[in-house]
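> Right, I'll just put the structure down here and ask away after.
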Amino acid sequence: MNVFRLIGDMSHLAAIIILLIKIWRSRSCSGISGKSQLLFTAVFTCRYLDLFTNFVSIYNTTMKIFFLASSYATIYLIFMKFKATYNRNHDTFRFELLIVVSVILALLINHEFSATEILWTFSIYLEAVAILPQLFMITKTGEAESITSHYLFALGSYRGLYILNWIYRYYVEGHLDWIAVLSGIVQTGLYCDFFYLYITRVMKGKNLTLPA
Amino acid sequence: YHADRYHDEL
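Going line by line, the protein sequences match chains A and B. Position 124 of the first sequence, counted from 1, bears residue number 124 in our numbering, the numbering being contiguous throughout. Here our numbering runs 212 ahead of the position in the second sequence, where the first position is 1.
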């Protein structure tokens, strides 16, 4: 554990909590892509199957259980409790494609051809692109509520901080997992446009609206 | 097996 990793995890945790608070307080999931949330739930489910086989630390186990439980809770809120507020007609990204491509890539490029390892690799590839339906939705509507943009900023920062963590681990521990690193770079890269808008608009108290 | 080496991340 190093400081980048810890702040990254806290940022991830903050993102999830911000999203749950936004939905719960406003009694609405408007502006949130249910498809991205489904993909994140699939990511956590496939990656954290090792909860049953591999103990790392109390911290690790607690975080995994929280991420799993909160992602299923989010899905429940979007598709059941507050489904009347879900903007289905704006959430039109073909997310099946992301799953298919991630499955194929995981089968072709992995560290070891075993079930758990391929599921882990799939979750890494899928996570890299899971935000695309959400970003697509914002592009389509041309705006996002400020709480939604805080959520996206925290979520995007998390993988960026992991990149610093990987650089640190490479130099200090000699540890390098290029599947996670390359996917993490792609994942962070997808947020670049959003980060720019967030820093230039939301941080100055304006709403996140896309330039026409 | 790689898992014990790097799947300590979230």
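Each residue gets a CB set at the ideal place from its N, CA and C atoms; glycine is no exception.
Which stretch, first to last residue, makes up the alpha helix (DSSP H) that contains L108/A?
F95 to L108
> Going by beta-carbon coordinates alone, are S157/A and V202/A separated by less than 7 Å?
no
> Using 8 Å as the cut-off, can you tell me whether the stretch 10–17 of chain A makes contact with the stretch 127–142 of chain A, which would need three or more C-beta pairs spanning the two stretches below that distance?
no
> Go ahead and label S149/A buried or exposed: buried means 16 or more other beta carbons lie within 10 angstroms of its beta carbon, across all protein chains shown.
Classification of S149/A: buried, given that the 10 Å Cβ count is 16 or more.
> Looking at the strands, I want to know which residues DSSP matches up with T209/A.
E143/A
> Name the chain B residues whose beta carbon is nearer than 7 Å to that of N2/A?
The premise fails here: N2/A is roughly 11 Å from chain B at the closest Cβ pair, so nothing lies under 7 Å.
> Whether or not the stretch 93–107 of chain A and the stretch 66–82 of chain A are in contact is what I'm after, with contact meaning three or more pairs of Cβ atoms, one per stretch, closer than 8 Å; do they touch?
Taking one beta carbon from each stretch, the stretch 66–82 of chain A and the stretch 93–107 of chain A have fewer than 3 pairs nearer than 8 Å; the two do not touch.
> At least one CB of chain B closer than 7 Å to the CB of M63/A: is that the case?
yes
> Spatial neighbours of T209/A within its chain, please: C-beta separation below 7 Å, excluding the five flanking residues on both sides.
Excluding the 5 residues flanking it on each side, T209/A has same chain C-beta neighbours closer than 7 Å at G142 and E143, in chain order.
> Any beta-carbon of chain B closer than 7 Å to the one on V56/A?
yes
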